[in-house]
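Shown next, in structure tokens, is the structure this report addresses.
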Amino acid sequence: MSRACIAGIVLLAGAALLAQTNEETLAQRQFLQARSFATQGNYQEALGDYQRVVDTYPGSSVADNALLELARYYFEIGGDGKRAASLVEQIKSKYSTTESAPEAYIIAGRIALANSHQPVDLEAAFAQFDRVQGLFPDAPAVPSALAHAGEARRLQRRLPDALERFRRVTTEYDTSPAAAAAHLGAGMVLAAQGDPIGAMEELQRVRNGWPESREAAVALGRASILFRLYIRAKSGPPYALSPDVIGPPRADNVRALVTTPNGAVYYATESAVGLLTPNGGRPPVATRPRALTVDRAGRLVVIEGSALRPSAGPPRLLTIPQVGKTPRPLDKIDAAVVTSSGEWLVMDEDEKAIHRFDAAGVHQATWATARVSRMAINEFDEVAGIDRDSKSILIFDPAGKVIAKVAPKGPDYEYANPEDVAFDAFNHVYVLDRTAVLVFDCSKLPRAAAGPPVRTPAPAANSPIVAVYGEAGAIRRGSAFTLDSAGRIYLADDRAQKIQLLR
Amino acid sequence: MIARRRSSCSGSVRLVAVCLAASGALAAAAQPAVPAAGQPASPASATAQASFNEGKRLYDRAQYPQALPFLDTVIATLAPALQALPPADRDLLVEAYKLRGRARFNESLPGVEDDFAALLAIRPSSVAGDMSVRTEQVFNNVKKRLVGQVRLTMTPAIDATVDGRSYTADQLAQPMEMLAGEHTIAAIRMGYRPLSQPFTVVAGQMTEVTAAMERVSATIAITTIPDGVEVIVDNIPRGVTAKAATAGQSEPLIVGDLGVGQHIVLLRRACYKDLPLTFTINQPEDLELRPQQLAPAVATAKIEASERGAAIFVDGVERGRTPAELNAICEGPHLIEVRSSRGRFIDRRTWGAGENATIQAELRTSFAIVSASVAGSVLPAAFKASVERALGPAGRVLVYAPGDAELEKALSEETVPADWLAAELGRGAPRPMTRDTRRDIGRKLAARLNAQGVAAIASGNADQVTLTLLAAGSGDPDVLAFDLRDPASYGRAAAQLGAPPPPLVKPSIETSVIDVADSPGAAVVRANGAGSRAGLMPGDVIVSLGSTSIASVGELRSKMMSIQANTPLDLQVRTLAGASKAATLTPVLVADTLPMRDPTLVYNRLLIDLQEAIRSAGGPVDEASAHLNLGIVHMRLGNWDDAIRELQQVTLTDGPGVSAGTVDYLLGVAYEAIGRIPEAQSALTKASASEQARLGDEGPLVAPLARQKLRTLRP
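Going line by line, the protein sequences match chains A and B. Under the numbering used here, the first residue of the first sequence carries the number 1, and numbering increases by one thereafter. Under the numbering used here, the first residue of the second sequence carries the number 504, and numbering increases by one thereafter.
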């Protein structure tokens, strides 16, 4: 080989190295710029820069990070799960050994969880989370993956499995950011396993360890619920009537109350919607609201006429298709709940069944043949409804089958005129009788048919009643209620013509 | 300051080497040529000496014919090597020629004059001595025919060589007998042009020869107090003054080849102030400086340490034990170290002459940097110094760079490469060491370096540093990353390194409390131990403790941090019924546990801290907690056997909080980790029966954890 040839090769190699270095530098600069835009909330610019890193410098050290940031954006902010899923798949296939890969698995799992809490999605989510510790045992993402896996198992009601994963986080990674969520999850599992004291201790650990966190606030609310039901109720009334004036001085004909996930409490009278708390913004205008509910995004939805009117976006007109006829509108919607998959379960006063609509408001099928007046739904997509005829509280599984029933009279409780029904975070069923609030433990309800067990393992069969609040004269004629995240009850009393707070 | 020097070898000056060497050689040549009978002059001439002795004995008995063969042997043995003969053999040869000539003369044999001629060729100054008159006449005739006299006059009168033989100036001044013919006188002297001058000696006559050397440069003799001073003339090192036979000043150092003009001399010695001098040479001559005294340049360091009897080192040399005052620290940069088995202190600074400082040596847990890997042109030594400086504020921990020689010795004695720790933990290490091997090497290296652990530092760009710490006895390192360009970044690393260990014991009410919305105070959900003894019940809400009102669990926990255990405190509670209740609560001191995997904790440092905590434990709870937490740290570092050993030393009774059940649970986990399933089952079974024991003071109950583990335990 001639000297000139060797010199040429050396020059080319040097030039290639220089180009590579320049490319890496440019990629890093663009990535940092994108991150800066994102921090400022300028997502449009941020997305553009992240995408340029991915497209122009796919071999750079930050290409996987850029993809991950894009996936996060589309999932957490853009609400575009499909696009986010496509991006995380790119990371998993093209950048499978980078530090972004375990994070990609976690996002993939969260996307599956966000799809729905149906078994197939829960299992898919768990599989994604569970792979992280297997594939990347030393990754910083392991505690987060374990906590998410625990949560998936909890939603599958595989409680020992869930607790085992939460415990791994709380004992092995107790100072990681995921540990707060793991303590929270462990508290939920302990409560579901019939250990409310252990649950309260676990929830307090969140407050001790991460006092300023979002989880600490959640833990406070949940521990307060358990304290009322399992400590205070043992030797006295679980609630005390707040002397504070809640809402308008005079509240007539309150038809519904609802609490949004951010803590805003709305009420609906026959002619308007009002706001009880200062954190909900301006209440929507409504002329003849029949009920209130929240959508999957946690926004208030006013049920008015045949429409579900969300606080943002177009109303959804609900009609029932009829063979050879014009679809029949639902004019007297009494209750509507949204499932974890975004579908609506709707009950109309004139109907003899609960109907299922997709997120856009298109009728899908009859969900359950029953006539209920009020409905509530929990995180397992189980629905509680007040049977108009028997006054019983029916508990439906996600497929619409009645799996349990609260009869108006039990060995140690009785109610006569159920007006409203609600779930708390622990899936206790709250029933508003006209003059009392009764709280039932679903796991102790007699099951109506051979369906999947409500709790695993099933606690001892004893009384399902957990607590009753019905102090003499405290509630004169309750018409509607709602629970906030701390288990406080906002209760409309028609006779007292006011909204009261039980806490 | 400067004076002319006597120009002579006899002066007390170190002149050119030839001057002194020639004196010695000439002195030897002037010895009388009497062979020592029975004492061979050299091993090689033993035969010649023996032959001579026998020949002489026979000669003295007038047995001349019998003597001759022996004398022949002497001459045949020595004559061929005449030029290399030592003086004694040369003398022997001279005597052999003389005796043989006389014997031949007495027997009227030929060769008498030849023998005398050969004798005179070796030593022209030989005389007839005790020869007979007739023999002496023959001898003198031969001498008169072969030898002349010469008087050499040297200017200056110095030692010189004649035909390569050295003569002192005094010897040269006397008339000398020499073989007739051509000769050369030569001399070398500092400040003079070398001399080589031929001259001719005529047999039987006196020849006068004058040899004058030409002066070309000056010399100067420099004497210093003390000796050992480096002499630098015109920026060129010219030697070091030598120690004199008598104490005080040095031998003079002669500096030559000095031209006419001004010269600058710098006298330099460690621990003394530099002494610059200037002198002027007007003409080539020998000059002498009066003795120059250098002023000491030392500082005094008073060293007080947190530990008495710790060894003090200055630049790696032991200089005493703490406390001590070191009053002879040379000015300049020095590393002062205080070392003990528990820690090390270092002080790097530049000391000024006369400086007096007190050093408070706080011994810190030390990690010796045994490996520094840095890209680019940054020198590893500079990289180490930067890291050492950046982590200097890490209060209780010292990450330091040991001396190169000390480190190389330690590494070579343990036969590990310099980058073993960093390379082995780096990505893509071809064959990572086992934890046991790593622990073994780390322990031995730390011991050799008198440190509590070892460290490796690496950087791809000299700024982003990865610090790997491995305590002696640990198989699993802690890794910290920081940026040398960012003070906040390395400040955080230093703070993390130096943070005090979490409290191992604390006062406790042994009762579970929670926050409840809309209910100020700390609500009791499970009352045990001290809380139970004070009458607390589930549902009670603690609203004040001592004189402090309590609005939340957080406030109660803060209050607990500031109280003394075993001191009764007034307690106010609100009951479920809304009534107020007063009680007296006596918090107890309980053990607490470290988290198993807390990224803010440096477990390798805790390993050392907790060993110390065991030694200094103030009571049974402190000691039990120290053993317990050392066991946890060992578990974290994968030292399962050590963990079991520590946990077995924990003496906690069964009860609420961290107690015997906690220890049983941890033992079960440790046994399981090393496959000792029967022991694991036994320990976990015991833990599962400890219904009140917790993993930490505020941690989960261990009984359910143990039961869950038992379900999944597989042989």
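Note that beta-carbon positions come from the ideal geometry of N, C-alpha and C, so glycine has one too. Predicted model only: the values in this text are computed from it and were never measured.
B/L1204 belongs to the set of residues whose beta carbon lies under 8 Å from a beta carbon in chain A. When the beta-carbon positions are compared, B/A984 and B/G956 stay at least 8 Å from each other. Proximity of B/G1158 to chain A, defined by a Cβ-Cβ separation below 8 Å, is not satisfied. The continuous stretches of alpha helix (DSSP H) do not include B/G978, and DSSP gives it neither H nor E.
Exposure of A/K234 is indicated by the presence of fewer than 16 other C-beta atoms within 10 angstroms of its C-beta.
Judged by DSSP secondary structure, A/W210 falls outside any alpha helix (DSSP H); it is assigned neither H nor E.
For B/E858 against B/F848, the beta-carbon gap comes to about 19 Å, at or over 8 Å, which does not count as contact.
The beta-carbon separation of B/V890 and B/V902, rounded to 7 Å, stays under the 8 Å limit for a contact. Each of B/P1005, B/E1194, B/V1027 and B/D1145 was checked against the Cα of B/T1014, and the nearest Cα belongs to B/V1027.
Interface annotation, B/A1026: in contact with chain A, CB-CB separation under 8 Å. Nearest neighbour of A/L122 by Cα position, chosen from A/S392, A/S340 and A/I489, turns out to be A/S340. Nearest to A/G78 by C-alpha distance, out of A/A272, A/Y173, A/L190 and A/A297, is A/A297. By the C-beta density criterion, A/Q322 is exposed, having fewer than 16 other C-beta atoms within 10 angstroms.
In chain order, V302 and P315 place their CB closer than 6 Å to the CB of A/R309, counting only its own chain and leaving out the 5 sequence neighbours on each side. For B/G1164, none of the residues of chain A pass the 7 Å Cβ criterion, the least Cβ distance being about 15 Å. Under DSSP, B/V1091 shares a beta bridge with B/S1011. Counting only unbroken stretches of 3 or more residues, the beta strand (DSSP E) elements lying wholly within the segment 310-362 of chain A are 319-322, 325-329, 333-338, 344-348 and 354-357, in sequence order.
By the C-beta density criterion, B/S1065 is exposed, having fewer than 16 other C-beta atoms within 10 angstroms. Under the Cβ criterion (8 Å, minimum of three pairs), the segment 1092-1099 of chain B counts as touching the segment 1129-1140 of chain B.
Closer than 8 Å at the C-beta level to chain B, one finds these residues of the segment 201-226 of chain A: E201, E202, L203, Q204, R205, R207, N208, P211, L220, G221, A223 and S224. In chain order, I320, V346, H363, T366 and W367 place their CB closer than 7 Å to the CB of A/H355, counting only its own chain and leaving out the 5 sequence neighbours on each side.
For B/G742, the pairing in a beta bridge is given by DSSP as B/V734. Inter-residue distance for B/S876 and B/D966 is about 12 Å (C-alpha atoms, whole angstroms). Scanning its chain for C-beta atoms nearer than 7 Å, with the 5 sequence neighbours on each side dropped, one finds around A/S144 the residues I106 and A178, in chain order.
Annotation: the continuous alpha helix (DSSP H) that includes A/E151 extends over V142 to L155. Per DSSP, reduced to three states, the secondary structure at A/A480 is strand. Between the alpha carbons of B/I815 and B/S753 lies a distance of about 33 Å.
Cβ contact annotation for B/F886 (same chain, cutoff 6 Å, sequence separation greater than five): A875 and V877, in chain order.
Counting along the chain, the unbroken alpha helix (DSSP H) around B/K601 starts and ends at P590 to N609. Closest option to B/Q765, judged by alpha-carbon separation, among B/A1080, B/I784 and B/V758: B/I784. Taking 7 Å as the upper bound on Cβ-Cβ separation, chain A lies near residues S1015, I1017 and D1018 of the segment 1005-1018 of chain B. In the three-state reduction of the DSSP assignment, B/D986 falls in the strand class. Residue-level contact by beta carbon fails for B/D1145 and chain A, as no gap is shorter than 8 Å. Nearest Cα to A/M188 within the set A/P278, A/R214, A/G150 and A/E172: A/G150. Counting along the chain, the unbroken beta strand (DSSP E) around A/A384 starts and ends at V383 to D387. Sequence-distant Cβ neighbours of B/L829 in its own chain, meaning closer than 6 Å and more than five residues away, are A804 and R822.
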